[in-house]
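In what follows, a single structure is set out as structure tokens and then discussed.
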Amino acid sequence: MLAQFLQFLFSGVTVGATYALAALGFTLIYNASNVINFAQGEFIMLGGMLAVFFTAAGLPLPVALALAILVPAVVGVLVEKLAIEPVKGAETVTLIIITIGASLVIRGLIQVWLGKGTFSLPAFSGDEPIQILGATLLPQSLWVLGVTAIVVVALWYFFNRTLTGKAMLATSFNRTAAELVGINTSWVLFMSFAMSAALGALGGILVTPITLTSYDVGIMLGLKGFVAAVVGGLGNGLGAVLGGLLVGVLEAMGAGYISSAYKDAIPFVLILFILFFMPRGLFGGKSTDRV
Amino acid sequence: MKTTTKGILIVALILAIVPFVSPNSYYTDLAIRMAINAVIVLGLNLLIGFAGQISLGHAGFLGIGAYASAVLPTHFGWHPLLAMGAGALATGILAALVARPIFKLKGHYLAMATLGLGIIINIALRNEAQWTGGPDGMPVPAMGLFGFELSSDKQWYWVVAALLVISVWASLNLIDSPFGRALRALHGSEVASQVVGVDVARYKVIVFVMSAMFASLMGSVTAHYIGFVSPNFADFFHSIELVTMVVVGGMASVFGSLVGAVLLTALPQALATFEGWETVVFGAILMGFMIFLPKGIVPTLAAKFGKGE
Chain A
71 MLAQFLQFLF SGVTVGATYA LAALGFTLIY NASNVINFAQ GEFIMLGGML
121 AVFFTAAGLP LPVALALAIL VPAVVGVLVE KLAIEPVKGA ETVTLIIITI
171 GASLVIRGLI QVWLGKGTFS LPAFSGDEPI QILGATLLPQ SLWVLGVTAI
221 VVVALWYFFN RTLTGKAMLA TSFNRTAAEL VGINTSWVLF MSFAMSAALG
271 ALGGILVTPI TLTSYDVGIM LGLKGFVAAV VGGLGNGLGA VLGGLLVGVL
321 EAMGAGYISS AYKDAIPFVL ILFILFFMPR GLFGGKSTDR V
Chain B
3 MKTTTKGILI VALILAIVPF VSPNSYYTDL AIRMAINAVI VLGLNLLIGF
53 AGQISLGHAG FLGIGAYASA VLPTHFGWHP LLAMGAGALA TGILAALVAR
103 PIFKLKGHYL AMATLGLGII INIALRNEAQ WTGGPDGMPV PAMGLFGFEL
153 SSDKQWYWVV AALLVISVWA SLNLIDSPFG RALRALHGSE VASQVVGVDV
203 ARYKVIVFVM SAMFASLMGS VTAHYIGFVS PNFADFFHSI ELVTMVVVGG
253 MASVFGSLVG AVLLTALPQA LATFEGWETV VFGAILMGFM IFLPKGIVPT
303 LAAKFGKGE
């Protein structure tokens, strides 16, 4: 009983950490620009696929991984510069379609370039499972959780203790006011896309040894990351992390105890319930409309 | 003559000419698909363009209609028309149930909720294989009435064309009615329309339910026309395609809906020549349209040539 529960918990937390990174990506871009970036999932896919490609090309693992984070970050910036900036102030639905267009372009290019196959990465430190109370934990899961924890702490430090981070926060609260005190808000937008693409890619790289990857994994991962961001109250960083873990754990529990066929539906059932009863997500603050 | 009347006549004229200039059944088939999409997009445009609400789950409603027409006659021996009505009714009830709490929310939350609903419907269709045939889909019995069976492309064309003309006429009238004015007011400013006495939530629910039922009915029509349903009817990408048709053609524009549906139904066919690059090209075209014509084709052209619809 306990062993089974722990097993589901481990796999849930591991996947949840990826959702958390994706949700942080949604949150960063949403705060900087009010855009929901539907291409976020493609950055997760890019991270995994590029890591596979660069390691297969013979690059040492650290270099391959660094490149697999850097390239998506550049792609993120390109999306922002070429597609988001030119339409500043457009309607929500226009922005949604632009980011979906971007995601199709990214996914299509990878499909043409690397094919429709499923790929895997070797685990970073072996496949020898660790036994805990009858459940097994893959060393790669520890990597996922450890790196995610470090990223969360680093982001907290960045936003609370550095001038750059505070400038980004200020922009998310009030763009005009931020501009008035001399913050370069278009640079903030640039940074947000680079950072959220890098976060997504990092998540994609970390789980690839466990979940495998292919050109089309980005859609579901991205949508679940979006669910996680909304669960946590859109725009709330800590909420995004907790939302990601919650979505991951509930999905694993649901798949284990209720029905594995409906695994992918669980996050969406969860989000409908949350929106019905807590329209601003679990951790979203009260807000008032400006007339 | 009123410009709207002129518009309807032009649409009817084009629809009447198409079958005589269509060189072969491939083009007739394409025209039928365009017309079906146009009706769905008209309904969706009421929601997105006029009421300013986003649905990323409309393909789910389409799926309910399509599967009602497949499952009820096959497994329970219902008459296809009855099944179609039942599908639309079920969709309407589901949409209404979901709509009330959702429409307290705004913008992205609504997009999230409709997206979630669409995906849940799609996953259910894939998994309930004993009823729906699972991922492979299932055949749909022919549509018939009084011993007369709709079968040839030509017959279907006239049915769908008639539906389209009726929908255009109904949409134009609806927009000019007090109901339509309330919708537009609501898009302009919810607070202001509340102040002048528009029951914002009620209007949003009504238009959402209406557009969902439109989609369900056309889902049934598509299912009978193609003679086969698969879960792809209801997938996320299809929802996106429908929203894209609305936005590319022009939000809050009835004739824009038609243009959007025609263009984006033809586009994947045209892109088939790109072998492997379809997704890239389709994505790039979407982005291009949104960046250079963010208001959509018809409103942009109308503004340029200085005449309204």
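Chains as they are written, first to last, in the working numbering: chain A, 71 to 361; chain B, 3 to 311. Every residue gets a Cβ at the ideal spot worked out from N, C-alpha and C, and that includes glycine.
- Answer yes or no: does any C-beta atom of chain A fall closer than 7 angstroms to that of LEU303/B? no
- Query: Any C-beta of chain B sitting closer than 7 angstroms to the C-beta of PHE338/A?
  - Reply: yes
- Mind listing which residues of the region 294–308 of chain A have their C-beta closer than 8 angstroms to chain B's C-betas, in chain order? PHE296, VAL297, VAL300 and LEU304
- Message: Can you look up ILE344/A in the DSSP assignment and give me helix, strand or coil?
- Response: helix
- Message: Tell me which residue opens and which closes the alpha helix (DSSP H) that GLN201/A is part of.
- Response: Looking at the DSSP string, GLN201/A is not in any alpha helix (DSSP H); the run it does join, the beta strand (DSSP E), is 200–202.
- Task: Please say whether MET220/B and ILE42/B have beta carbons closer to each other than 7 angstroms?
- Result: yes
- Task: Can you grab the Cα-Cα spacing for the pair LEU152/A / GLY159/A, in whole Å?
- Result: 15 angstroms
- Message: Here's the rule: buried if 16 or more other CB atoms are within 10 angstroms of the residue's CB, otherwise exposed. What is GLU198/A?
- Response: exposed
- Task: Would you verify that the beta carbon of PRO180/B is, or is not, closer than 7 angstroms to some beta carbon of chain A?
- Result: no
- Contact check, ILE38/B vs TRP171/B, beta carbons under 7 angstroms: no
- Item | LEU207/A - containing beta strand (DSSP E), residue span | 205–207
- Message: Assess contact between the region 154–161 of chain B and the region 170–186 of chain B, defined as three or more Cβ pairs (one per stretch) separated by less than 8 angstroms. Is contact present?
- Response: no
- Query: Got a sec: is the Cβ-Cβ distance from PRO29/A to anything in chain B below 7 angstroms?
  - Reply: Look at the range of chain A in this structure, 71 to 361, and you will see that residue 29/A is not part of it.
- Message: Contact criterion: CB-CB distance below 7 angstroms. Does THR97/A meet it with respect to chain B?
- Response: no
- alpha helix (DSSP H) runs wholly inside the region 91–171 of chain B, at least 4 long, in chain order: 110–129 and 131–134
- Item | Proximal residues to ILE176/A (C-beta, below 7 angstroms), its chain only, five neighbours per side dropped | ALA109, GLU112, LEU116 and VAL145
- Whole angstroms is fine: what's the gap from TYR100/A's alpha carbon to ALA126/A's? 35 angstroms
- With respect to the alpha helix (DSSP H) encompassing TRP183/A, which residues constitute its N-terminal and C-terminal limits? 162–184
- Other residues of its chain near ARG245/A: CB distance less than 7 angstroms, five sequence neighbours each side excluded: THR255
- Contacting positions in the region 257–280 of chain B - beta carbon closer than 7 angstroms to chain A: GLY278 and TRP279
- Message: Between which two residues does the alpha helix (DSSP H) holding LYS158/A run?
- Response: Where LYS158/A is concerned, there is no enclosing alpha helix (DSSP H), given that its DSSP letter is neither H nor E.
- Task: Please confirm if THR164/A has its CB atom under 7 angstroms from at least one CB of chain B.
- Result: yes
- Query: Of all the options THR283/A, LEU79/A and PHE80/A, which has the alpha carbon lying nearest to the alpha carbon of LEU184/A?
  - Reply: THR283/A
- Item | Beta carbon proximity, LEU17/B to chain A, threshold 7 angstroms | no
- Task: Identify which residue in ASN234/B, GLN132/B and ILE299/B has its Cα closest to the Cα of LEU265/B.
- Result: ILE299/B
- Query: Where does PHE230/B sit, in a helix, a strand or coil, going by DSSP?
  - Reply: strand
- Item | Through-space distance from PRO25/B to ILE154/A, alpha-carbon basis | 42 angstroms
- Query: Who are the Cβ neighbours of GLN55/B in its own chain at under 8 angstroms, not counting the five residues just before and after it?
  - Reply: LEU49, PHE105, LEU112, LYS206, VAL209 and PHE210
- Just reading off the alpha helix (DSSP H) that MET290/A is part of, what are its end residues? 288–301
- Take ARG360/A and list the residues in its own chain whose beta-carbon comes closer than 8 angstroms to its own, dropping the five residues that flank it on each side. Here ARG360/A scores only 49 on pLDDT, less than 50, and its place in the model should not be relied on; the value that follows carries that caveat. Hits under 8 angstroms: none found.
- Status (buried if at least 16 other CB within 10 Å, exposed otherwise) for THR88/A: buried
- Query: Would you call GLY310/B buried or exposed, if buried means 16 or more other Cβ atoms sit within 10 Å of its Cβ?
  - Reply: Low local confidence applies: a pLDDT of 48 at GLY310/B is under 50, so the model's placement there is unreliable, and no value is given.
- Query: What residues in its chain sit with their C-beta under 6 angstroms from that of MET86/B, if we drop five residues either side in the sequence?
  - Reply: SER71 and SER222
- For PHE189/A: DSSP bridge partner residues: THR283/A
- When the Cα of THR206/A is compared with those of PHE353/A, PHE228/A, GLN77/A and ILE336/A, which residue comes out closest? GLN77/A
- Quick one, which residues of the region 281–295 of chain B are near chain A if we go by CB-CB under 9 angstroms, in chain order? THR281, VAL282, VAL283, PHE284, GLY285, ALA286, ILE287, LEU288, MET289, GLY290, PHE291, MET292, ILE293 and PHE294
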